[in-house]
Every structure is written in structure tokens, then in C-alpha cells.
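Residue numbers (the numbering used here): 1 to 477.
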Ligand code: ATP
Ligand code: MN
């Protein structure tokens with residue numbers, strides 16, 4: 001007999017049929033009722049054991065966490081709380097689970113405790129829901145780009161260019177750290193290393209994606225990115241997944257339109273395809289909010305927040321406008337901000353971004369035209385000579401969810417900026433070639449996939465939306 005998934009069985013309208021299923025016991029009560037889960041859905045299916053005809057020995061082994069194989073009859077449930085159940089005719093224990101040792105007891109565990117048991121936490125409702133939503137979101141990302149004429153490119157994970165991430169990169173080397181060869185000057189001789197030069201894990205696939213956009217027109221990357229920044233926040237990981245579209249002949253306006261349309265599209269997809277999981281996560285968040293002081297509570301539920309983003313226009317505001325709003329804001333005048341807004345040109349901190357989104361505009365905001373001095377060398381210089389065509393997409397609860405720009409397509413201006421920022425032009429010879437041969441206006445952005453999953457699931461800590469988080473001092477599993 002074919003093994004059915006719990007999701008299939010719960011949707012089936014044919015009862016009185018023989019079924020076979022496999023899964024893990026969530027709970028077993030009254031020596032009769034197994035709540036069985038196989039990961040195919042949030043919901044368990046109730047399997048009713050005929051305890052009079054089942055060996056005492058077997059009944060004892062039906063414990064939380066054990067894996068079992070069941071055959072029986074799918075029938076309308078007699079009890080409350082479910083419409084269908086399985087009347088068990090035979091049950092085999094596939095793998096025991098010692099109830100005195102199994103960490104995932106059927107009770108509420110703290111997220112911190114579950115993080116320490118990241119290999120088992122996906123067996124809880126919360127984490128299985130989060131990971132199913134994550135999977136659907138990642139499919140939605142590919143679906144959006146594929147249906148809109150983008151080509152998926154895989155940019156390298158080991159990179160030889162450190163133009164972007166100076167100081168924040170993880171070194172890749174095959175040297176024995178105690179016996180690395182040195183030059184006559186006493187410095188480590190990377191010429192003798194595996195790649196014959198210093199190499200690192202990538203912080204972004206953008207520069208390489210640009211080369212592909214200048215031939216394929218519309219491209220996107222979706223892959224792992226690494227940052228050795230020592231920021232222990234709820235929004236930063238050392239290893240995260242980034243989505244980076246890059247489009248030829250598209251300016252900053254088009255880039256803002258693309259980011260907004262993309263984000264709305266993938267969130268709509270999960271609203272449509274993850275109804276049960278999102279309903280559960282919505283409840284979970286509402287419960288969690290109740291334990292917070294009134295002033296810190298959000299006035300919207302998770303589903304309301306997602307709908308709000310999908311149904312409303314993102315507010316587009318220049319850095320200069322935002323700067324004025326912030327400088328004249330109450331928290332700035334009352335010195336409530338940790339970093340006070342005084343001089344035009346200052347970088348905005350997360351507290352400022354969140355003030356703009358959550359207090360002032362109360363909707364997602366796209367800030368654009370930032371001071372050139374706080375942004376990367378490749379962003380296109382505006383005619384004012386002071387600002388660049390950069391944009392950041394800011395979200396409630398998250399802060400920056402995406403950052404991008406129109407790229408500098410003029411060779412002379414780009415060379416000038418590279419020099420001014422003290423970067424060695426020779427390192428970027430191939431990047432400069434794009435401006436020598438058929439240069440064109442082009443733009444793109446980078447969106448942190450985990451921040452998107454955080455928003456869609458309402459999880460407060462980014463460590464809880466990736467299976468095995470990598471953060472400072474932590475690479476277990
Ligand atoms: P932030 O200011 O939040 O640290 P950033 O300006 O350094 O971000 P970018 O270099 O613009 O980030 O990267 C593009 C996107 O990648 C960001 O908008 C964010 O969504 C995501 N991102 C950046 N750093 C991290 C990180 N350490 N962990 C998870 N996501 C990240
Ligand atoms: Mn950024």
C-alpha cells in the first residue's frame with residue numbers, strides 16, 4: 001500500500017479506506033490516541049489504537065518523538081477537534097524515543113532553549129511552520145524572477161576581490177596556520193596559497209552579477225553570503241542568503257518599482273500558499289505580544305502586517321527629506337536617540353530607520369539619494385556632486401530589508417571615485433571593462449532573505465528563521 005502524507009489524508013474526502021502512514025508521535029494519551037505528525041502540514045492526525053488488542057510492550061513504546069508506521073482505516077472522527085482520524089489496525093515502532101531524555105517535550109519551550117537544540121527544534125509547530133514558509137518564500141523568489149524574464153546566475157562563493165567587504169570577510173586558505181610560508185619581508189606569502197592570492201568568502205555577488213546583466217539583460221542571484229561583522233543583533237547573521245537582481249537599462253526609479261513589486265509578489269504568494277502556517281504564526285505572535293508592556297505592543301497582527309505591506313504603496317523619500325524629519329523629530333530634540341541627528345551626511349542608524357517607518361510614515365519606506373560619502377564606490381553620482389543614486393527599503397520591525405542603487409556607468413567618474421576611496425584600480429580591471437565596452441545605465445539591489453522570512457513569519461530573532469544560524473562564537477551543528 002502507498003504511504004500517504006498527513007496533509008493528503010486530512011484533505012481527502014474518501015473515508016473508510018485503508019491507509020498507510022509514517023510519522024513521529026507528538027503525544028499519546030489514554031493509551032489510545034496518538035497525535036501523529038509527519039511534517040507535511042502543521043496539523044497532526046489522530047490515530048486511534050485498539051489497546052485491547054495491542055501488546056502492552058508496544059503501547060509502552062509509543063512515546064513523544066518515536067517514529068512509527070501505521071496502517072488502518074481513515075474514518076470520520078467520533079471525537080471533537082478533528083474531522084478525520086485513522087483507526088489503527090497495525091502499528092510498528094520504527095524508532096524509539098526515550099521519554100526521560102527527549103528534549104522536545106509536549107509543552108512550551110523557550111526560543112533560547114530550542115536554539116541550543118537546533119537539530120530537533122524543527123519538530124515543534126513553530127519551527128516547522130517557519131521552515132515551511134521559508135521554503136515557499138524561496139520558491140516564490142525564483143517564480144517571480146523566472147516569470148519576469150530574469151536569468152538565475154550563480155556567482156562565486158570564493159572571491160578574490162575584496163573591494164566591498166574590507167575587514168568584514170572570512171579568509172579562505174589551505175595554509176597550516178602555524179606553518180604558513182612567509183615572504184622575505186616576513187609577511188604571509190599568499191602567492192603560495194591554493195589560489196595564488198588572498199581569497200575570501202563573498203559578501204555579495206553584485207559585482208559579478210553586473211557582468212552578467214550587461215549581457216543577459218535581467219539577472220538575479222540567490223545564494224549564501226558571509227560577513228564577519230561582529231554585530232550581535234536580532235537582524236545579523238555571519239552566514240545568510242541574499243537575493244540580488246541586476247538589470248541593464250534600468251534606472252533608480254525602475255529599481256524602486258522592482259523592489260516594491262518583488263516584495264509584494266512573494267509575500268502575496270505565501271499569503272495564498274501558507275494559510276495554515278501563517279494562521280498559526282499569527283496566533284503565536286499575538287500570544288507573545290501579550291507578554292510585552294502595552295507601549296511596546298504592535299497594534300497589528302502578523303497577517304495584518306503582511307496585508308498592509310502587500311496592499312499599500314511604499315513611501316519614497318529622499319535622504320535629505322528624511323534627515324530634516326529626523327532632525328526635527330521629538331526623540332532627536334529630547335535627545336532620546338542614541339545617535340543624534342545633527343550634520344547632513346550622517347549615516348542613519350537602525351533607530352532612525354525604525355522611527356521613520358514605525359512612527360512617522362507608518363508604512364514601508366524607500367529612502368533614496370544618500371550622501372556619497374556613506375555609500376559604496378559603484379553608486380551613480382548625482383549632478384549635485386554630493387549624493388548618489390542609492391536606495392534602502394525599510395520595513396517595520398526589521399529596519400533595512402534591502403539596499404541597492406543605480407550603478408555608475410561612466411568610466412571616468414567611476415575611476416575617479418575608486419581612486420578617492422583608496423581602492424586599487426587594478427583589482428577591478430574586469431569591472432571597469434563593463435564601462436569600456438557597451439556601457440549602459442543599470443541598477444540592482446540586495447535583499448537579505450532571512451530578513452524577509454523574519455517579516456513573513458513574525459519571528460523576532462533572525463537566528464530563528466534559518467536552520468542552523470552562524471553568529472559570533474557560534475557554529476554548532
Ligand atoms: P545593515 O545596515 O542592516 O547591517 P547593510 O547595509 O550592511 O545592512 P547591505 O550590504 O546593503 O547591508 O546588504 C544587502 C541586504 O542584505 C541588507 O539590506 C539586509 O537585508 C541583508 N543583510 C546585510 N547584512 C546582513 C547580515 N549580517 N545578516 C543578515 N542579513 C543581512
Ligand atoms: Mn545596505
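The beta carbon of each residue, even a glycine, is placed where N, CA and C say it ideally should be.
With a threshold of 7 Å, the Cβ atom of residue 421 does not count as near ligand 1, since no heavy atom of the ligand is closer than that. The shortest C-alpha to C-alpha distance from residue 277 to any of 428, 129 and 67 is the one to 129. Annotation: residue 134 to residue 464 spans about 11 Å, alpha carbon to alpha carbon. Residue 234 and residue 410 have their alpha carbons spaced roughly 39 Å apart. For the pair of segments examined, the segment 101–114 was found not to touch the segment 40–56: the number of CB pairs separated by less than 8 Å stays below three.
The beta-bridge partner set that DSSP reports for residue 403 consists of 392 and 446. Cβ contact annotation for residue 404 (same chain, cutoff 6 Å, sequence separation greater than five): 255, 391, 444 and 445, in chain order. Residue 467 sits close to residue 131, with the two beta carbons spaced by under 8 Å. The DSSP-derived three-state label of residue 369 is strand. If you look at residue 379, you'll find it isn't in any beta strand (DSSP E); DSSP assigns it neither H nor E.
Contact annotation: residue 237 and residue 470 have beta-carbon atoms nearer than 8 Å. For residue 48, the pairing in a beta bridge is given by DSSP as 33 and 87. Assignment of beta-bridge partners to residue 28 by DSSP yields 34.
In this structure, DSSP gives residue 250 a state outside helix and strand, which the three-state scheme calls coil.
DSSP lists no beta-bridge partner residue for residue 11.
Linking residue 70 to residue 56 through their CA atoms gives a straight-line distance of about 17 Å. For the beta strand (DSSP E) assignment, the segment 153–184 encloses no uninterrupted run of at least 3 residues.
The shortest CA-to-CA distance from residue 22 to any of 29, 10, 15 and 6 is the one to 6. Remark: C-beta atoms of residue 155 and residue 199 do not approach each other more closely than 8 Å.
With contacts defined by Cβ atoms closer than 8 Å, residue 91 and residue 64 do not form a contacting pair. For residue 225, the closest of 186, 452, 159 and 78 by C-alpha to C-alpha distance is 159. The continuous alpha helix (DSSP H) containing residue 144 extends over residues 125–147. In the DSSP assignment, residue 340 forms no beta bridge with any residue. Beta-bridge partners of residue 19 (DSSP): 72. Rounded to the nearest whole angstrom, the C-alpha separation of residue 214 and residue 370 is 25 Å. Secondary structure at residue 224: strand, using DSSP grouped into helix, strand and coil. Closer than 7 Å to some heavy atom of ligand 1: that describes the Cβ of residue 403. At a Cβ-Cβ threshold of 8 Å, residue 86 and residue 45 count as neighbours. For residue 245, the secondary structure class from DSSP, reduced to helix, strand or coil, is strand. For residue 157, the CB stays at least 7 Å from every heavy atom of ligand 1.
Within its own chain, the residues whose Cβ lies closer than 7 Å to the Cβ of residue 27, once the five positions on either side in sequence are excluded, are 35, 64 and 106, listed in chain order. Per DSSP, residue 110 is not a residue of any beta strand (DSSP E), being assigned neither H nor E. Between ligand 1 and the CB of residue 446, the shortest heavy atom gap is smaller than 7 Å. The secondary-structure analysis by DSSP pairs residue 474 across a beta bridge with 471. In this chain, the alpha helix (DSSP H) harbouring residue 332 covers 330–333. Taken through DSSP and simplified to helix, strand or coil, residue 93 comes out as strand.
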